[in-house]
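Below is one structure, written out as structure tokens, with a few remarks after it.
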Amino acid sequence: FAKSASSPTTSGWLPLDRRRRYRHATATIATIVLLATAAAYALHRSNSAATSATASQRTLPAEAACSSISVQSVWRRVFPRLSTGGPLRLLDVNQDGVPDVILTFGQDFDRLVPMGADCSDSTTPASACAGGIEALDGATGRTIWRSRLEQRPMAVSCEADLNKDGLPDCLVGGRGGLLSAHDAATGARLWRSLVTRGRKAYFTAQPIGDVDDDGVPDFVQTRGGGGDDLDELPPKGELLLLSGATGAETAWQYVPDRRPVHLPPQIVRLADNGRGSDDGSRRILFSTGGDFEDGDRQGGALYLLRLKTFLLSGEAAKTAPVISGVSHKGPLGGPATLADLNSDSRPELILPLLNGSVMAADVTHLFGSQRRVRSTVWRADLPGSVKGAEVRWALAPGFFSQDRVPDFFVQYCVGPGYPVYRSQRFVVLDGSTGRVIKELPPAEAAVGIAGSLGSPLTVSFEGVGQDLFLHWRLDCRRRRTSGAAKWLPCWRRFNANSAAQLLLVGQHIPASGVTVYDERAENDSSSDRPLATTGTLAPPVNRNSHGNDGSSSIDAVFAVASTADDPASQEQTCLDSYLSRSADRFNRASKSHGMSARRYRAMAMRRCSQKFNKIYSTHNINSDRFASKFKQLVVYRRRITCHCNRRARVSNRKCLRILPYSEQRWTAYMGNRADGYLRNAP
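Note that full-length UniProt numbering gives residue 447 to position 447 of the sequence shown, counting from 1, and the numbers run on in steps of one.
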């Protein structure tokens, strides 16, 4: 026996072996209490403002702009039962000097249930529950305002003041004929589209100045395709001129070939690379063609229409295509990028094509009489495109190589076409020649990713040759096993879910990149097909862009939605059987004749779920892997910091800094102003 002053016994004496066991148990209990306290504290902070947790850090070689890059969490918001909408935008709606985040979202309801079923907790009418637009405080992530919408949004831009209060307002476009203008200060609806020609989708509106002399900028817009319960199949695309003050149609025409439209229009300025006037130098660029839902396999074309002609006559039908015959689905898979490649102060068009290539075209020659022989600056057939490939994202321009010609980050899919892809690929193309100057390892979780992941962005540095590209990647969580076909989803190939990553890659960064977000390290979701928006760069909160220690920072804001559980094997067999007969929609003798692809899938889901008694609840049917339901939407704000530890006596190479937000070149989807133009070139 040994005496212990801390013994719990009344005598103060405890056998030596029992004393050791007592001390071990006490330490274990203390550890458990400490861990539980830490977990509770982390849970308390998970939905709140700034944290300083380092998500990742990587040391870079001497040739890089800085000695290391770190990523830290700033804030995080969780929205139960919401899914992704359109890309994120920035606008200082509360005028506190910190740009706020404009978020659009879809409501998590099952398409087989009446649209009002999940809106019992909403103060708005039951019909207005399919989605919404929300402003989040840029500093904290807290909600400033929220406005509900009748349909799910998929596009938003905030580039013009529509109510003359001095603050740009927001235009939201989406499925089911959704076009809605909102006061950026309050979220209140200013107007909505009253067009009655079916329920075709609207896309990103493009301001063209005040056409009707009411003091409010007006817009060019496209609509057609991508809607539910369409009145025509395939839907005929439309080109419209809309009043910014009221949303009324000033002019509209069907597109010349009457094919569907799935991309926004763009305004091409021939005079001075983005600063033209109404002197006839502006053109409307728009593309037609079927996508993966409307069943149109008869191709499409790319058109350039003189804006002045459309304003004066509304005429579009006689416009000749400038590019056609690229693919049976149409020419473009994403919006064009406009950048000056030859220093003539006029933009070239850099076009992501649905045949697995990227083309740079001279706009002047493309529009002129010599367009067929002189328009192409270069054309790049992407690696793997001989097996079938599609570029379905916007490109990200940046200065990757050591010259003053912008280069282009391209992410694309290899495979027969949506929804069957074998891999996701990533390359950087030289802006002068179109050749591949960097190729990254492919990603294997490719099924359905064309509609799942956002487009890449660019983090711009001082000088040239140091810009970084921020891009999404989707991999399977576990890769052992299987001789399964490469185009099957992760759950069929590896019995595992997929995992999304947001990575920074650059000239002097290893191919694995710098991790900004990795779903495998987060506790927010576990899904076979996560959805991620095109985010936005933002000025760093609560610190200057350039630190006193030589560091420099930029923030990245993005949103990720997790999907529902996988279907049972019997359900999957039933669904596959229905989907293999989807061509019946074009057979007049079939009961499914005239259905849109989306409506047909909903019908198949309902019948298979009822057949196998897998309806889990009145408002939630986890059956459709093509139209999965979502559990939650999580918005993240993370800080990217470039650290400089180099000293003059150690290295003759000074660090380069991340440019301030106002000097960044490609901060959001379709660029800084949602029009496709590269800005702030060195």
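Quick reminder that beta carbons are idealized off the backbone N, C-alpha and C, glycines included.
Here the structure is a predicted model, which is why all the values come from computation and not from measurement.
{"Asked": "Distance, Asp403 Cα to Thr433 Cα", "Found": "12 Å"}
{"Asked": "Straight-line Cα distance separating Leu341 from Gly274", "Found": "For Gly274, the predicted structure reports a pLDDT of 45, less than 50, and the residue's modelled location is therefore unreliable. The matter cannot be settled from this model."}
{"Asked": "Buried/exposed call for Ser313, threshold 16 Cβ in 10 Å", "Found": "exposed"}
{"Asked": "CB contact flag (Leu91, Pro217, <9 Å)", "Found": "no"}
{"Asked": "Where Pro80 falls, given that 16 or more other Cβ within 10 Å makes a residue buried", "Found": "exposed"}
{"Asked": "Nonlocal neighbours in the same chain, by C-beta distance under 6 Å from Ala561, ignoring five residues either side", "Found": "Ser83, Thr84, Leu531, Phe630 and Leu633"}
{"Asked": "Beta-carbon proximity list for residue 684, same chain, < 8 Å, skipping 5 on both sides", "Found": "Residue 684 is absent from the model: the chain starts at 1 and stops at 682."}
{"Asked": "Segment contact flag, the region 497-514 with the region 589-609, C-beta cutoff 8 Å, min 3 pairs", "Found": "no"}
{"Asked": "Cβ contact check for the region 248-255 and the region 300-315: 3 or more pairs under 8 Å", "Found": "yes"}
{"Asked": "For Cys644 and Gln424, the rounded distance between their alpha carbons", "Found": "34 Å"}
{"Asked": "Cβ distance (whole Å) where Phe426 is taken to contact Thr337 below 8 Å", "Found": "Actually they are not in contact, since the Cβ atoms of Phe426 and Thr337 sit about 16 Å apart, beyond 8 Å."}
{"Asked": "Beta-carbon gap between Arg283 and Arg306 smaller than 9 Å", "Found": "yes"}
{"Asked": "Host beta strand (DSSP E) of Phe286 (start-end)", "Found": "Arg282 to Ser287"}
{"Asked": "For Arg175 and Tyr600, the rounded distance between their alpha carbons", "Found": "17 Å"}
{"Asked": "Ser281 versus Val326 - alpha carbon distance", "Found": "27 Å"}
{"Asked": "Buried/exposed call for Val386, threshold 16 Cβ in 10 Å", "Found": "exposed"}
{"Asked": "Supposed close pair residue 712, Leu240 - CB separation, criterion 8 Å", "Found": "Residue 712 falls outside the range modelled here, since the chain spans only 1 to 682, and no answer is possible."}
{"Asked": "Alpha carbon of Leu659 to alpha carbon of Trp378, nearest angstrom", "Found": "30 Å"}
{"Asked": "Residues of its chain near Arg673, where Cβ-Cβ distance is below 7 Å and the 5 sequence neighbours each way are ignored", "Found": "Glu159"}
{"Asked": "Own chain, CB closer than 6 Å to Thr618, minus 5 neighbours either side, in chain order", "Found": "The predicted model places Thr618 with a pLDDT of 33, which falls under 50 and marks its position as unreliable; any figure quoted below should be read in that light. Contacts found: none."}
{"Asked": "Closer than 8 Å: Asp100 CB and nearest the ligand SAH heavy atom", "Found": "What this structure holds is no ligand at all, so the ligand SAH is not there to describe."}
{"Asked": "Bounding residues of the alpha helix (DSSP H) (the contiguous stretch that carries Lys236)", "Found": "Here Lys236 belongs to no alpha helix (DSSP H), and DSSP marks it neither H nor E."}
{"Asked": "Residues near Arg192 by beta carbon distance below 6 Å, same chain, minus five either side", "Found": "Ser180"}
{"Asked": "Strand pairing of Ile133, partner residues [DSSP]", "Found": "Thr104 and Ser147"}
{"Asked": "Three-state class that DSSP yields for Ala62 in the structure shown", "Found": "coil"}
{"Asked": "Helix, strand or coil at Met595 [DSSP, three-state]", "Found": "coil"}
{"Asked": "Val363 (DSSP reduced to helix, strand or coil)", "Found": "helix"}
{"Asked": "C-alpha distance - Leu233 paired with Gly177, whole-angstrom precision", "Found": "15 Å"}
{"Asked": "CB contact flag (Leu537, Ala556, <9 Å)", "Found": "yes"}
{"Asked": "Extent of the continuous alpha helix (DSSP H) run through Thr534", "Found": "From DSSP, Thr534 is part of no alpha helix (DSSP H); its letter is neither H nor E."}
{"Asked": "DSSP three-state assignment for Asp344, whether helix, strand or coil", "Found": "coil"}
{"Asked": "Residues bridged to Lys438 [DSSP beta-bridge criterion]", "Found": "Val428"}
{"Asked": "Cβ separation of Gln466 and Ala184, assumed to be a contact under 8 Å, to the nearest whole Å", "Found": "Incorrect: roughly 34 Å between the Cβ atoms, too far for contact."}
{"Asked": "Residues near Val33 in its chain [Cβ-Cβ closer than 7 Å; skip 5 each side]", "Found": "Low local confidence applies: a pLDDT of 38 at Val33 is under 50, so the model's placement there is unreliable, with the coordinate-based value given in what follows. Cβ neighbours of Val33 beyond the five flanking positions: none."}
{"Asked": "CA-to-CA distance, Ser343 to Ala499, given in whole angstroms", "Found": "42 Å"}
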